[in-house]
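Residue numbers (full-length UniProt numbering), protein chains in the order written: chain A, 1 to 240; chain B, 1 to 240.
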DNA sequence: TGATGTGAAGCCGTTCACAGCG
DNA sequence: CGCTGTGAACGGCTTCACATCA
């Protein structure tokens with residue numbers, strides 16, 4: 001299960017989103033209605049990839065389709081939810097409640113899929129005690145105890161770049177399993193030197209970091225505007 | 001220049017950020033000070049990749065270093081700015097001024113690098129006329145004329161997912177060269193069928209779309225928390 | 001028959017070893 | 001001598017053709 005290409009996981013997320021749209025469309029229609037089924041080519045067209053790719057991606061996780069017919073929308077959606085780990089509740093804390101953190105806290109859709117915001121943290125005295133959503137901002141010093149008590153699974157990191165590393169360290173030390181880093185900074189897992197070789201310190205073992213960097217997106221865009229890809233990647237051939 | 005791996009471009013953005021930090025550190029020090037120079041291994045350590053990777057990435061753009069010495073921080077930074085297209089002014093409009101759009105508008109750092117927000121657009125009557133930054137929100141109907149007049153280069157798309165496609169279409173028709181899409185949706189360039197083959201419609205020709213999807217980041221994170229990569233990708237060997 | 005499932009081929013990006021130069 | 005520059009090996013992802021089964 002771990003030898004699935006990382007790019008495939010990103011596409012799975014896209015497929016899931018498309019399936020949700022298809023399921024809404026199919027809602028209420030009789031079970032015999034073809035709207036309950038989707039072919040790899042149709043999924044591919046919506047996702048902007050090839051049908052080959054769709055079939056290969058889905059096959060990593062078992063025989064999810066029916067030959068000659070396609071994929072059942074409901075079944076496939078349920079399977080993708082399971083694969084992506086979205087069929088359980090995830091307890092989330094947000095660290096950093098400046099504009100970005102506030103935007104995240106209030107972003108609709110973020111609290112779908114059983115993501116539950118259970119705590120908000122900042123070091124700015126002006127923010128501590130403020131309420132967002134139904135939660136009150138606490139000082140980051142409280143983080144470690146809170147994560148233990150509340151069984152927090154992951155932290156969203158939305159502090160200014162110069163504080164991102166220490167805040168990430170606080171999250172890892174507190175015992176979260178994942179960090180979604182919004183700061184334009186590379187988070188450095190602390191390593192220990194033992195017998196001359198560097199190894200991951202215990203607190204960072206198994207901690208996953210994913211990055212969402214919007215400034216980086218801006219800069220990639222300027223590069224590609226001035227250096228357009230020769231082969232236009234936006235029109236795959238085999239779709240449909 | 002177009003056969004550079006897309007992953008390399010993302011790393012270039014990271015290197016640039018690191019170089020900015022190094023240049024601040026070196027500021028004021030005499031020209032002979034070693035702080036003005038950086039070796040591939042040091043850059044690699046900061047970026048979380050291998051020194052091989054750094055050298056290969058930089059080599060796509062010429063002989064930027066000095067053998068036996070390393071890379072001059074100032075020179076390398078200037079080159080990366082040039083390569084990434086960050087040495088010119090970019091006129092940007094933001095479409096969608098809900099919470100996310102507002103957060104982007106006000107996010108510090110976004111207006112560095114000669115990114116200039118020149119227009120704000122929305123279709124919500126309650127928002128039109130409102131001021132953010134130094135700009136007043138206009139109706140999206142005004143977009144086409146505005147892009148022509150003001151020589152707009154790119155648009156940031158921060159509308160709700162269900163309106164993303166039509167707003168993207170408006171941006172492309174208006175003539176922007178790039179779209180930074182924040183909505184969790186795959187933007188579909190309009191294609192025309194001519195003699196049985198699909199081809200990109202004129203208005204989408206050369207339009208680059210980059211995506212920044214924070215919900216996708218959340219979902220990838222849940223997958224990797226439950227399916228940790230076997231080989232820990234966070235500790236490359238060759239750094240330093 | 002018409003779709004998925006899947007081993008194999010091909011391609012692209014990363015890793016490497018060492019050549020090249022200050 | 002040290003570090004960059006770079007062609008070649010390697011590995012992994014994507015593409016493909018076709019076997020497979022409802």
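Glycine included, C-beta positions come from ideal geometry on N, C-alpha and C.
Keep in mind that this is a model prediction, so the values were computed, not measured.
Item                                                                                                                                        : Value
Residue 187 of chain A in three-state terms, based on DSSP                                                                                  : coil
4 or more residues per run - each alpha helix (DSSP H) lying fully within the UniProt domain "CoA-binding" (85 to 186) of chain A           : 99 to 106, 143 to 150 and 161 to 174
From A:127, A:83, A:167 and A:19, residue whose alpha carbon lies closest to that of residue 8 of chain A                                   : A:83
Chain B within 8 Å of residue 9 of chain A, Cβ atoms only                                                                                   : yes
Of the residues B:74, B:171, B:176 and B:69, the one placed nearest residue 17 of chain B, counting alpha carbons only                      : B:74
Buried or exposed (CB count within 10 angstroms, at least 16 for buried), residue 216 of chain A                                            : buried
Buried or exposed (CB count within 10 angstroms, at least 16 for buried), residue 28 of chain B                                             : exposed
Classification of residue 210 of chain A by the beta-carbon crowding that lies within 10 angstroms, buried from 16 upward                   : buried
For residue 88 of chain A and residue 22 of chain B, the rounded distance between their alpha carbons                                       : 43 Å
DSSP state of residue 32 of chain B mapped onto helix, strand, coil                                                                         : coil
Residue(s) in a DSSP beta bridge with residue 210 of chain B                                                                                : B:180
Burial state of residue 109 of chain A (16 or more Cβ within 10 Å)                                                                          : exposed
Under the three-state DSSP convention, the category residue 224 of chain B falls into                                                       : helix
Opposing strand residues paired with residue 37 of chain A [DSSP bridges]                                                                   : A:72
Alpha-carbon to alpha-carbon, residue 134 of chain A and residue 233 of chain A                                                             : Only weak support is given to the placement of residue 233 of chain A: the predicted model assigns it a pLDDT of 46, under 50, and the value that follows is read from those uncertain coordinates. Those two C-alpha atoms are separated by around 44 Å.
Contact set between the stretch 217 to 230 of chain B and chain A, restricted to residues whose Cβ is under 7 Å from the partner            : 217, 218, 219, 220, 221, 222, 223, 224, 225, 226, 227, 228, 229 and 230
Within chain B, the residues that residue 2 of chain A reaches when beta carbons sit closer than 8 Å                                        : 227, 228, 229 and 230
Euclidean distance between Cα positions of residue 19 of chain A and residue 76 of chain A                                                  : 8 Å
Chain B contact residues for residue 46 of chain A, given Cβ-Cβ distances below 9 Å                                                         : 186 and 188
Bridge partner(s) assigned by DSSP for residue 14 of chain B                                                                                : Residue 14 of chain B is not bridged to any residue.
Rounded C-alpha distance that separates residue 43 of chain A from residue 15 of chain A                                                    : 7 Å
DSSP state of residue 6 of chain B mapped onto helix, strand, coil                                                                          : helix
Separation of residue 6 of chain B from residue 240 of chain B, as counted between CA atoms                                                 : Below a pLDDT of 50, predicted positions are generally treated as unreliable, and residue 240 of chain B, at 43, falls in that range; the measurement from the model is reported next regardless. The alpha-carbon atoms of residue 240 of chain B and residue 6 of chain B are separated by roughly 25 Å.
Span separating the alpha-carbon of residue 59 of chain B from that of residue 10 of chain A                                                : 29 Å
Residue from A:37, A:65, A:103 and A:226 whose Cα sits closest to the Cα of residue 159 of chain A                                          : A:103
Sub-8 Å separation of residue 175 of chain A and residue 225 of chain B beta-carbons                                                        : no
Residue range of the alpha helix (DSSP H) that includes residue 52 of chain A                                                               : 51 to 59
7 Å Cβ cut-off: residues of chain A touching residue 14 of chain B                                                                          : 186
Residue of A:40, A:80 and A:167 minimising C-alpha distance to residue 121 of chain A                                                       : A:167
Under 8 Å from the C-beta of residue 17 of chain A: neighbouring residues of chain B                                                        : 184 and 185
C-alpha gap between residue 214 of chain A and residue 32 of chain A, whole angstroms                                                       : 44 Å
Chain-order list of residues whose beta-carbon lies under 7 Å from that of residue 91 of chain B (same chain, five-residue window excluded) : 116, 118, 150, 151, 152 and 153
Sub-8 Å separation of residue 155 of chain B and residue 95 of chain B beta-carbons                                                         : yes
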